[in-house]
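Undergrad:
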DNA sequence: GCGATCAGCGCG
DNA sequence: GATCGTGCTGATCGC
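Residue numbers (full-length UniProt numbering): 1 to 364.
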């Protein structure tokens, strides 16, 4: 693949160097340069995708990047970290690193093992239980951040949607685009999903426009419609920012604080960043509080019942355990119940459970 | 030679 | 200028 790319470029160069790649694409091949970095033209995936029709080299570069990432980080990168005595890989979880209260994981990071693309997802086959014939059981919170937003804002429509077990993205699409719930197309649902996620992060019209590849005016229209239909969310967000500016910090459901000195900056960008963090932290941080409480309770249940199975990993909204086959069904029930009942919100908390022989095969 | 930084990209 | 929170790799910078 590398050879073919060099042939198409008409020159040999280091394909891993964004600087050299930019020179080849934007000077030698005269492709249309777009976004800039500190030092020159960007060659990131988004930029390259916009050049797909300009040159056949682009698709190959994107494919090379995907494979180089997988090989470098997840094959060559993980193998030396396997403890040869135990044939086992151990990560370190950090409890006091992030600003929101999440855990982080390093050496290696096991919270970013691929899942979004099939090629990468195959890496998960390498993660399987310590004992042959044991099973992996995983449980993840369904849309926990949007449920926490419903709880914090007390928005009647959001709470109603979750109480009725409605598909929230479809509900948002129905409200924002003013179409009957049953008639929402998948493309409208995708747009609404981007709006819902954007709201959690404090998105701008520009950010949403970029994400959806639409105009800024149109994006602003969606945001306006969202807040018209879910007025309590706007009121909640306005109040959070005002309180944060007054006190200097925001809090999570269990009173974890994040100080945000950026909120009083004279620099617009820094101040805006502070405002977005003020909106996101109570949500992301409360979800972190929740799963930590659930982890403590689950561990207590495991010890109380003298179970052989054990917790292996936490991935922000997901727990992964390994269990003897005889404990598989019990773990599924315990994990679901413990995680769903760890705290009470104004909306139901829903946990999906899966099991399988390895981290790739997990099924309901 | 080595640590820091940059660009890019993996995850929730 | 432009959506939050992370960690790792390879290239490059700078001492």
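For each residue, glycine too, the CB sits at the ideal point set by N, CA and C.
Look up residue 184 in the DSSP assignment and say whether it is helix, strand or coil.
TA: coil
Undergrad: Helix, strand or coil: how does DSSP classify residue 9 here?
TA: helix
Undergrad: Look at the alpha carbon of residue 135 and the alpha carbon of residue 315, and state the distance between them as a whole number of angstroms.
TA: 18 angstroms
Undergrad: How many whole angstroms separate the CB atoms of residue 405 and residue 238, which I take to be in contact at a CB cut-off of 8 angstroms?
TA: No answer is possible for residue 405: the residues shown for the chain start at 1 and end at 364.
Undergrad: Taking the CB atoms as reference points, tell me whether residue 97 and residue 149 lie closer together than 8 angstroms.
TA: Judged by their CB atoms, residue 97 and residue 149 are not nearer to each other than the 8 angstroms cut-off.
Undergrad: I need the straight-line Cα distance from residue 293 to residue 343, nearest angstrom please.
TA: 8 angstroms
Undergrad: Whose C-alpha, out of 233, 259, 339, is nearest the C-alpha of residue 99?
TA: 259
Undergrad: Measuring only the C-alpha atoms, how far is residue 232 from residue 155?
TA: 5 angstroms
Undergrad: For residue 16, which residues of its own chain have a beta-carbon under 8 angstroms away from its beta-carbon, when the five flanking residues on both sides are left out?
TA: 68
Undergrad: Do the stretch 189-208 and the stretch 221-232 make contact, defined as three or more Cβ pairs closer than 8 angstroms?
TA: yes
Undergrad: Checking 8 angstroms against the spacing of the C-beta atoms, do residue 347 and residue 206 come in under that value?
TA: Contact flag unset, no.
Undergrad: Pick helix, strand or coil for residue 94, following the three-state DSSP scheme.
TA: strand
Undergrad: Could you say which of 211, 174, 178 lies nearest to residue 47 if we only look at CA atoms?
TA: 211
Undergrad: Name, in chain order, the residues that DSSP records as bridge partners for residue 356.
TA: 136
Undergrad: Going by other Cβ atoms of all chains shown within 10 Å of its Cβ, with 16 needed for buried, is residue 102 buried or exposed?
TA: Residue 102 comes out buried.
Undergrad: Assess, as a yes-or-no matter, whether the stretch 325-336 is touched by the stretch 105-125 under the definition of 3 or more beta carbon pairs within less than 8 angstroms.
TA: No, the stretch 105-125 is not in contact with the stretch 325-336.
Undergrad: Between which two residues does the alpha helix (DSSP H) holding residue 32 run?
TA: It is not in any alpha helix (DSSP H) - residue 32 carries neither H nor E in the DSSP assignment.
Undergrad: For residue 13, which residues in the same chain have their Cβ closer than 8 angstroms to its Cβ, ignoring the five residues on either side in sequence?
TA: 6, 20, 21, 23, 24
Undergrad: Just verifying my parser: in three-state terms, what is the DSSP assignment at residue 172?
TA: For residue 172, the secondary structure class from DSSP, reduced to helix, strand or coil, is helix.
Undergrad: Within the continuous alpha helix (DSSP H) that includes residue 330, where are the two ends?
TA: 328-341
Undergrad: Quick check: what's the CA-CA separation for residue 203 versus residue 191?
TA: 14 angstroms
Undergrad: Could you give the residue range of the beta strand (DSSP E) that holds residue 143?
TA: No beta strand (DSSP E) contains residue 143, which DSSP labels as neither H nor E.
Undergrad: Can you check which of these residues, 254, 255, 278, is closest to residue 263 by C-alpha distance?
TA: Comparing C-alpha distances from residue 263 to each of 254, 255, 278 shows the shortest one belongs to 278.
Undergrad: Quick check on residue 178: does DSSP put it in helix, strand or coil?
TA: Three-state result, residue 178: coil.
Undergrad: What residue range does the alpha helix (DSSP H) around residue 264 cover?
TA: Neither: residue 264 is in no alpha helix (DSSP H) and is coded neither H nor E.
Undergrad: Could you give the distance in angstroms between the alpha-carbon of residue 320 and the alpha-carbon of residue 107?
TA: 18 angstroms
Undergrad: Counting only the same chain and skipping the five closest in sequence on each side, list residues whose C-beta sits under 6 angstroms from that of residue 265.
TA: 271
Undergrad: Report the CB separation of residue 176 from residue 226 in whole angstroms; it is logged as a contact under 8 angstroms.
TA: 5 angstroms
Undergrad: Roughly how many angstroms separate the alpha carbons of residue 240 and residue 362, rounded to a whole number?
TA: 39 angstroms
Undergrad: As a quick exercise: from 309, 50, 173, pick the residue whose alpha carbon is nearest that of residue 138.
TA: Residue 309 is the option with its Cα nearest to residue 138.
Undergrad: Alpha helix (DSSP H) containing residue 226: first to last residue?
TA: Looking at the DSSP string, the run of the alpha helix (DSSP H) that includes residue 226 is 216-229.
Undergrad: Determine the closest residue to residue 276 out of 289, 261, 287, 288, with distance taken between C-alpha atoms.
TA: Among 289, 261, 287, 288, the Cα nearest to that of residue 276 belongs to 261.
Undergrad: Rounding to the nearest angstrom, what Cα-Cα distance links residue 144 and residue 10 in this structure?
TA: 50 angstroms
Undergrad: Cα separation between residue 317 and residue 1?
TA: 37 angstroms
Undergrad: Using DSSP's beta-bridge definition, name the partner residues of residue 363.
TA: 355
Undergrad: Note down, in chain order, each residue of its chain lying with its Cβ closer than 7 angstroms to the Cβ of residue 332, except the 5 sequence neighbours on either side.
TA: 137, 353, 355
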